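What follows is a single structure, written as structure tokens, with notes after it.
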Amino acid sequence: MDLRFYQRKRIFVTGHTGFKGSWLCRMLIGAGAIVTGYSLDPPTAPDLFSHADLAPHMTDVRGDIRDFATLWQAFSQARPEIVLHLAAQPIVRESYRDPLGTYETNVMGTVHLLECVRRAKAEGWAPRSVLNVTTDKVYQNREWCWGYREDEPLDGFDPYSNSKSCSELVTHSYKSSFFADGSVAISTARAGNVIGGGDFAVDRIIPDCLRAVEKGQPIAVRNPHSTRPYQHVLEPLAVYLMIAQKQYEDGRFQGYYNVGPDECDCLTTGELVDLFCRTWGEDARWENRAEANAPHEANFLKLDCSLLKSTFGWKPRWHMAECMAMTCRFGKVWLAGGDIAGEMDEEIRNFLAEQSEK
Ligand SMILES: NC(=O)c1ccc[n+]([C@@H]2O[C@H](COP(=O)([O-])OP(=O)(O)OC[C@H]3O[C@@H](n4cnc5c(N)ncnc54)[C@H](O)[C@@H]3O)[C@@H](O)[C@H]2O)c1
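So the sequence shown is numbered by our numbering: it starts at 14 and just counts up by one.
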């Protein structure tokens, strides 16, 4: 895979000020794409977006996905050929604190975006390829040892997971109701947890690790025994770009795709933090701080990615040791006040080079 396809393509990215969105825009800008981003301000402070040298190289629109009129204005001005929808309230614990805001953003945000596509089609122009980024948490979690397949029931437990299940269903309805003629190819991608440099979210494990080592404190781990499919952030982003390209070129590739690591990289949070401490070195260490009355979170979650593999010949590129090496390297550049955009470009180059060699 290389990104030459994206040169001079007009791309509309929602959620561009977030963790994944910043990395994605860096990839697209490096490929020569014409990028418009639509999001609220960065969700964290500090944030990756302002350190990634993105704003001068793209159209950076700040707006709420719940505000259809403003979204449509940005969308119709950008006239995208490809749409990548990442804007969301993505934190499980925050969804317990604010279920209403989470559903409004994650469900109505998807409706608004697809409504823009429908309206563009009615006006005689429309993007040819749309990708809705959901999550591995969309499935009804049965706490079993098998990976979930794309055709299993969508019924996330907590408001975040469930709002993403709803976002999937909204996508299904728009596809069959308005785009069954094949004029616009629409897919969803259900990715697992990602790690990588530049994530500062609260209630996520790698940002928690970095905050602790920066202060010289032990890392507090809430759920050391829960198993998650972890990947480097570049892994799903490359898949999003691959699906968006393939379905642009041939609408028969549109579908619903799981994106996750191989079995060997589904770790417990405790194992992940062990690996972080070994890779970081110095005095990094962690403590079990399981909470007695913590809100429910799934304990065991794995994805079956056979569909993605058999359709596109895809396989994950970086195993956990490499992912953690990159994440810690980035963290050290960050703490030293180094060149963040340069570090991102180098990681992207290494990742893509590895893809094309195998
Ligand atoms: N990070 C992960 O491990 C992970 C795993 C699976 C899926 N995802 C999905 O990937 C996407 C991006 O996640 P992330 O980790 O980069 O999250 P993030 O919180 O870093 O970024 C979220 C982005 O959405 C924007 N946003 C939030 N509410 C908005 C609103 N009302 N209107 C407009 N923009 C709004 C934010 O400004 C930001 O740009 C989300 O859809 C998330 O559900 C993330």
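We treat Cβ as the ideally placed atom computed from N, Cα and C, and that holds for glycine.
Quick caveat, the model's predicted, so the values are computed rather than measured.
Notebook entry, point to check: Near Glu-128, which residues of its chain fall below 7 Å by C-beta distance, leaving aside the five closest residues on each side in sequence?
Noted result: Phe-81
Next item on the list: Starting from the Cα of Lys-177, find the closest Cα among Arg-132, Tyr-161 and Thr-148 and give me that residue.
Entry: Thr-148
Margin query: Excluding the 5 residues flanking Leu-167 on each side, which residues of the same chain have their C-beta closer than 8 Å to its C-beta?
Written below: Val-151, Tyr-152, Gln-153, Ser-178, Glu-181 and Leu-182
Next item on the list: Kindly indicate which three-state DSSP category Asn-363 falls into: helix, strand or coil?
Entry: helix
Next item on the list: Output the distance between the C-alpha atoms of Cys-290 and Phe-343, rounded to the nearest integer angstrom.
Entry: 15 Å
Checklist line | Identity of the residue in Lys-134, Asn-301, Ala-68 and His-332 nearest Pro-93 by Cα | finding: Lys-134
Check: Would the beta-carbon of Arg-330 be found less than 8 Å away from any heavy atom of ligand 1?
Finding: no
Next item on the list: Classify Lys-328 as buried or exposed, calling it buried when 16 or more other Cβ atoms lie within 10 Å of its own Cβ.
Entry: exposed
Margin query: I want to check one thing, is the minimum distance from the CB of Gln-20 to the heavy atoms of ligand 3 below 8 Å?
Written below: Absence of ligand 3 from the depicted structure is noted, with ligand 1 being the only ligands included.
Next item on the list: Go through the region 131-218 residue by residue and report every complete run of the alpha helix (DSSP H) that reaches 4 residues or more, in order.
Entry: 172-191
Next item on the list: Sort Gly-76, Asp-66 and Tyr-270 by Cα distance to Leu-126 and report the nearest one.
Entry: Gly-76
Notebook entry, point to check: Since Ala-100 and Gly-28 are thought to touch, with beta carbons under 8 Å apart, how far apart are those beta carbons, to the nearest angstrom?
Noted result: 4 Å
Margin query: Would Leu-247 and Ile-353 be called neighbours here (beta carbons separated by less than 9 Å)?
Written below: no
Check: Within 8 Å: the Cβ of Gln-102 and any heavy atom of ligand 1?
Finding: yes
Checklist line | Per-residue burial, Trp-159 [other beta carbons within 10 Å of its own, 16 or more giving buried] | finding: exposed
Next item on the list: Give the secondary structure of Trp-327 by DSSP, where H, G and I count as helix, E and B as strand, and everything else as coil.
Entry: coil
Check: Given that a residue counts as buried once 16 or more other Cβ atoms are within 10 Å of its Cβ, and exposed if not, what is Gly-355?
Finding: exposed
Check: Roughly how many angstroms lie between the CA atoms of Tyr-109 and Asp-171, to the nearest whole one?
Finding: 7 Å
Checklist line | Gln-258 (DSSP reduced to helix, strand or coil) | finding: helix
Check: In whole angstroms, what separates the C-alpha of Asn-301 from that of Asp-216?
Finding: 15 Å
Checklist line | Local Cβ density within 10 Å of Ala-366, reported as buried at 16 or more and exposed below that | finding: exposed
Notebook entry, point to check: I think Tyr-51 touches Pro-103, with their Cβ atoms under 8 Å apart; what is that distance to the nearest whole Å?
Noted result: That belief does not hold up - the Cβ atoms of Tyr-51 and Pro-103 are roughly 16 Å apart, past 8 Å.
Notebook entry, point to check: Of all the alpha helix (DSSP H) runs that stay within the bounds of the region 17-43, which reach a length of 4 or more residues?
Noted result: 32-43
Note to self: Considering only the alpha carbon of each residue, which of Phe-18, Arg-79, Met-255 and Gln-20 lies closest to Leu-113?
What the structure shows: Arg-79
Margin query: With distance defined between alpha-carbon atoms, name the residue in Tyr-269, Gly-268 and Trp-347 nearest to Leu-61.
Written below: Trp-347
Note to self: Assuming Pro-112 is part of the alpha helix (DSSP H), what are its boundary residues?
What the structure shows: 112-116
Notebook entry, point to check: On the premise that Gly-205 lies in contact with Pro-274, defined as a C-beta separation below 8 Å, what is that separation, rounded to the nearest angstrom?
Noted result: 7 Å
Item checked: Nearest candidate by alpha-carbon position, reference Ser-239, set Ser-200, Gln-258, Arg-224 and Phe-313 -> Phe-313
Check: For Lys-371, does the count of other Cβ atoms within 10 angstroms reach 16, so buried, or fall short, so exposed?
Finding: Unreliable positioning characterises Lys-371 in this predicted model, as indicated by a pLDDT of 47, which lies under 50. The coordinate reading is nonetheless provided below. Result: exposed.
Item checked: Rounded Cβ spacing between Pro-242 and Cys-279 (contact assumed at less than 8 Å) -> 5 Å
Next item on the list: Using three-state DSSP, classify Asp-15 as helix, strand or coil.
Entry: coil
Next item on the list: Return yes when at least one heavy atom of ligand 1 lies under 8 Å from the C-beta of Lys-33, else no.
Entry: yes
Note to self: Suppose you measure from the CA of Gly-330 to the CA of Cys-336; what does that come to, to the nearest Å?
What the structure shows: Per the sequence shown, residue 330 should be read as Arg rather than Gly. Approximately 10 Å, taken between the alpha carbons.
Item checked: Residue range of the unbroken alpha helix (DSSP H) whose run includes Val-286 -> 282-293
Checklist line | Proximity winner among Ala-91, Val-96 and Leu-84, relative to Gly-122 (alpha-carbon distances) | finding: Leu-84
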